[in-house]
Amino acid sequence: MKNLNATLSVLHSEGAHWRKSTYSGGNDDCVELAITQGRIAVRDSKRPDLTYASFTAATWREFISAVAVGTLNRGH
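Whatever position you read off the sequence shown (first residue = 1), add 1 for the working numbering.
Dropping the structure here:
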């Protein structure tokens, strides 16, 4: 699997529509996603005031696919 390059970003996210997974059960122990400036932004729902990770759509799809099939290299 290719190296996933997430860029910590300070892109302006005003007006971004952040979505939380329906699997979160309504609590704040989850991540939120938004599409901003053509990228997928991911942030911690407990600390939305902090910066977020930003991925290209292709890198995000690769990450999700790796998680789904269990091939994500966790560096161990």
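Positions of the beta carbon are idealized from the N, C-alpha and C atoms, including for glycine.
- R48 carries a coil assignment under DSSP once its states are collapsed to helix, strand and coil.
- For S55, the enclosing beta strand (DSSP E) starts and ends at Y53 to F56.
- A straight-line Cα-Cα distance of about 15 Å links D45 and Y24.
- With 16 or more other Cβ atoms from the protein chains shown falling within 10 Å of its own Cβ, R40 counts as buried.
- Where T37 is concerned, the enclosing beta strand (DSSP E) starts and stops at V32 to T37.
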